[in-house]
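One structure is given below, encoded as structure tokens.
2 protein chains.
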Amino acid sequence: MKTKVGCLPYIYPVPIVLAGANVNGNPSFTTIGDVGLMGINPPLVYISSHIQHHLNQGIQETACYSINFPTADMLPLVDYCGQVSGRDIDKGALFKVFYGDLEAAPMIETCPVNLECRVVKEFTIQHRQIFVGEVTQTHVTDHFVTQDKDRPRITNLEDLNPILYALDNCYYSIGKSIGVGYQEAGNLKDL
Amino acid sequence: MKTKVGCLPYIYPVPIVLAGANVNGNPSFTTIGDVGLMGINPPLVYISSHIQHHLNQGIQETACYSINFPTADMLPLVDYCGQVSGRDIDKGALFKVFYGDLEAAPMIETCPVNLECRVVKEFTIQHRQIFVGEVTQTHVTDHFVTQDKDRPRITNLEDLNPILYALDNCYYSIGKSIGVGYQEAGNLKDL
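As structure tokens, then:
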């Protein structure tokens, strides 16, 4: 039996990232859980940001942004960046910043994975600005990369140690591997 | 130091859900990782579905869909539903289905959390159809619900046992709680 609990957006869990942009020429970052994949080929992602966020101005000025994946040991700083505005605090000064091919999407060196994104679609819905981005380059900290048949591949997902967030206002770590994509259906017995 | 690994959409991890809709009046479901939050108040979510997916026709006919969160023990069935088309297989017959207020968004009884969504925006980008939905009702299996100050609240997130998916084509379980939202910044020492 089911209970109706009201119109609650229980998508669980979501990855927590630091979104970055240059605002008036200076790097700024904010903590976002409203991030996700929209497509694989070509690679499309999105971030959803409240219309009052300082970061939005920079994304609109430069037509690009970054998505940076913190590790769990960065949690206090990540939690902090979600509570203070770039209007009041120089959040760029909290991190060692680097730039890539787009030249205007600031990225965080200590985050093991960084996506450079070029805005391909933007829309406002209710109190949100949605920035759909095409990933133009993915940067990975060297020691998480190996060569696999001449193509770089990320190893050690557990070491990437991402931060998740869920419906009970708690942060979580990632758990154990429980299966391989497109191989688990073989365990079905009664179809 | 960083290595450029190409334009790869490494959003990790993502929750794996079963999206549902009535197609020609019959319930159908497909496995999706391209799902996420867009806003909290009012609650907005999205799913991204390849333009060739059978499910899309039903969503467009009914202007609604469901998002169902499977538990890890449903993994073989979840993996299977991502590999076969509703054109070839009656995927509605794989589950005990129920309907809610929208009357046309089929939901899966054995999934502990189900969202009923009304489409408020739809767009096509490259090979994807994006359906932005407003959550009109959230259904939760009774024994995960408690009353907290006269409001229903979900307990036992670990028992919900969601399926995650990550960049290495592996499924994962959720890990341990590592902190509380908006309370971890207090552990910062050097700001």
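Quick note, the sequences are listed as chains A and B, same order.
To convert, count from 1 in the first sequence and add 325; that's the numbering used here.
To convert, count from 1 in the second sequence and add 325; that's the numbering used here.
The beta-carbon is built from N, C-alpha and C at its ideal position, and this holds for glycine as well.
Computed from a predicted model, the values in this text were never measured in an experiment.
Inset, instruction - Say whether chain B places a C-beta atom closer than 7 Å to the C-beta of Gln472 of chain A. - result: The residue given as residue 472 of chain A occupies position 147 in the first sequence. The Cβ of Gln472 of chain A sits no closer than 7 Å to any Cβ of chain B.
Legend entry - Under 9 Å (Cβ pairs) to chain B, residues found in the segment 351-384 of chain A: Close to chain B, meaning a Cβ-Cβ distance shorter than 9 Å, are the following residues of the segment 351-384 of chain A: Gly358, Asp359, Val360, Gly361, Leu362, Met363, Gly364, Ile365, Asn366, Pro367, Pro368, Leu369, Val370, Tyr371, Ser373, His375.
Inset, instruction - Measure the C-alpha to C-alpha separation of Glu509 of chain B and Gly417 of chain B and round it to an integer number of angstroms. - result: Indexing the second sequence from 1 puts residue 509 of chain B at position 184. Indexing the second sequence from 1 puts residue 417 of chain B at position 92. Rounded to the nearest angstrom, the two C-alpha atoms are 43 Å apart.
Inset, instruction - Would you check if the segment 493-503 of chain B and the segment 383-393 of chain A touch, i.e. whether three or more CB-CB distances between them fall below 8 Å? - result: The segment 383-393 of chain A makes no contact with the segment 493-503 of chain B: fewer than 3 CB pairs, one atom from each, lie closer than 8 Å.
Inset, instruction - Verify the contact flag: Val403 of chain B, CB atom, against every heavy atom of the ligand MG, threshold strictly below 6 Å. - result: With respect to the ligand MG, the structure offers nothing, as it holds no ligand at all.
Inset, instruction - Would you kindly work out how many angstroms separate the C-alpha atoms of Leu419 of chain A and Thr449 of chain B, rounded to a whole number? - result: Within the first sequence, the letter at position 94 stands for residue 419 of chain A. Within the second sequence, the letter at position 124 stands for residue 449 of chain B. Each residue's alpha carbon lies about 38 Å from the other.
Inset, instruction - Would you list the residues sitting across from Leu343 of chain A in a DSSP beta bridge? - result: Against the first sequence, residue 343 of chain A aligns to sequence position 18. When DSSP reads this structure, Leu343 of chain A sits in a beta bridge with A:Thr356, A:Asn393.
Legend entry - Ala510 of chain A - DSSP class collapsed to helix/strand/coil: Looking up residue 510 of chain A in the first sequence gives position 185. Note: Ala510 of chain A maps to helix in three-state DSSP.
Inset, instruction - Can you give me the Cβ contacts of Val281 of chain B inside the same chain, cut-off strictly under 6 Å, excluding the 5 residues immediately before and after it? - result: Shown here, chain B extends from 326 to 516; a query on residue 281 of chain B therefore has no answer.
Legend entry - C-beta contact flag for Thr471 of chain B and Asp467 of chain A at 7 Å: Counting from 1 along the second sequence, the entry for residue 471 of chain B is found at position 146. Counting from 1 along the first sequence, the entry for residue 467 of chain A is found at position 142. Pairing Thr471 of chain B with Asp467 of chain A gives a Cβ-Cβ distance that is not under 7 Å.
Legend entry - Val540 of chain A, enclosing alpha helix (DSSP H) - first and last residue: For residue 540 of chain A there is no data in the structure shown, the boundaries of chain A being 326 and 516.
Inset, instruction - Identify which residue in A:Val457, A:Val348, A:Pro340, A:Thr356 has its Cα closest to the Cα of Gly358 of chain B. - result: Locating residue 358 of chain B in the second sequence gives position 33, counting from the first residue. For Gly358 of chain B, the nearest C-alpha among the options comes from A:Pro340.
Legend entry - Where the beta strand (DSSP E) through Gly500 of chain B begins and ends: On the second sequence, position 175 is the one that residue 500 of chain B refers to. That run of the beta strand (DSSP E) goes 495-505.
Inset, instruction - Taking 8 Å as the threshold, find out whether the segment 362-381 of chain A comes into contact with the segment 342-351 of chain B through three or more Cβ pairs. - result: By the C-beta criterion, the segment 362-381 of chain A is judged not to be in contact with the segment 342-351 of chain B, since fewer than 3 inter-stretch pairs fall below 8 Å.
Legend entry - For Cys436 of chain A, three-class secondary structure by DSSP: Here residue 436 of chain A refers to the residue found at position 111 when the first sequence is read from its first residue. Cys436 of chain A falls in the coil class under three-state DSSP.
Legend entry - Sub-7 Å separation of Lys501 of chain B and Ser498 of chain A beta-carbons: Start at 1 with the first residue of the second sequence, and residue 501 of chain B comes out as number 176. Start at 1 with the first residue of the first sequence, and residue 498 of chain A comes out as number 173. Cβ distance < 7 Å, so Lys501 of chain B and Ser498 of chain A count as in contact.
Inset, instruction - Any chance you could list the alpha helix (DSSP H) runs of at least 4 consecutive residues sitting entirely within the segment 416-465 of chain B, in chain order? - result: For the segment 416-465 of chain B, not one full-length alpha helix (DSSP H) segment reaches 4 residues or more.
Inset, instruction - Keeping to the same chain, check which residues put their C-beta closer than 6 Å to that of Leu485 of chain A; ignore five residues upstream and five downstream. - result: Taking the first sequence and counting its residues from 1, the one referred to as residue 485 of chain A is at position 160. Result list for Leu485 of chain A: Pro437, in chain order.
Legend entry - Nearest neighbour of Val403 of chain A, chosen from A:Ala388, A:Asn349, A:Arg412, A:Thr435 [CA to CA]: For the purposes of this step, residue 403 of chain A is taken as residue 78 along the first sequence, with counting starting at 1. Among A:Ala388, A:Asn349, A:Arg412, A:Thr435, the Cα nearest to that of Val403 of chain A is on A:Thr435.
Legend entry - Same chain only: Cβ atoms within 6 Å of Phe456 of chain B, ignoring 5 sequence neighbours per side: Taking the first residue of the second sequence as 1, we reach residue 456 of chain B at position 131. Taken in chain order, the residues that qualify are Ile372, Ile384, Val444, Glu447.
Inset, instruction - Can you grab the Cα-Cα spacing for the pair His452 of chain A / Glu483 of chain A, in whole Å? - result: The residue labelled residue 452 of chain A in the question sits at position 127 within the first sequence. The residue labelled residue 483 of chain A in the question sits at position 158 within the first sequence. One C-alpha to the other measures close to 35 Å.
Legend entry - Beta-carbon proximity check, Val330 of chain B vs Thr463 of chain A, cutoff 7 Å: Position 5 of the second sequence, counted from the first residue, corresponds to residue 330 of chain B. Position 138 of the first sequence, counted from the first residue, corresponds to residue 463 of chain A. Contact: yes.
Legend entry - Contacting residues, own chain, Cβ-Cβ under 7 Å from Gly350 of chain B (five flanking each side not counted): If you number the second sequence from 1, residue 350 of chain B lands on position 25. Counting only Cβ-Cβ distances below 7 Å, and skipping sequence neighbours, we find nothing.
Inset, instruction - Please compile the residues from chain B whose C-beta is within a distance smaller than 9 Å of the C-beta of Phe394 of chain A. - result: The residue labelled residue 394 of chain A in the question sits at position 69 within the first sequence. Neighbours of Phe394 of chain A on chain B, chain order: Tyr335, Ile336, Tyr337.
Legend entry - Where Leu492 of chain B meets chain A, residues with beta-carbon distance less than 8 Å: For this step, residue 492 of chain B is matched to residue 167 along the second sequence. The contacting residues are Ile479, Leu482.
Legend entry - Option in B:Asp413, B:Ile414, B:Leu440 with minimal Cα separation from Gly425 of chain B: Locating residue 425 of chain B in the second sequence gives position 100, where the first residue counts as 1. Comparing C-alpha distances from Gly425 of chain B to each of B:Asp413, B:Ile414, B:Leu440 shows the shortest one belongs to B:Leu440.
Inset, instruction - Drop a sphere of 10 angstroms on the beta-carbon of Glu459 of chain A, count the other beta-carbons inside from all chains shown, and report buried for 16 or more, exposed for fewer. - result: As a working mapping, residue 459 of chain A is identified with position 134 in the first sequence. Under a 10 Å Cβ-count criterion, Glu459 of chain A is classified as buried, with 16 or more other Cβ atoms of the shown protein chains found around its own Cβ.
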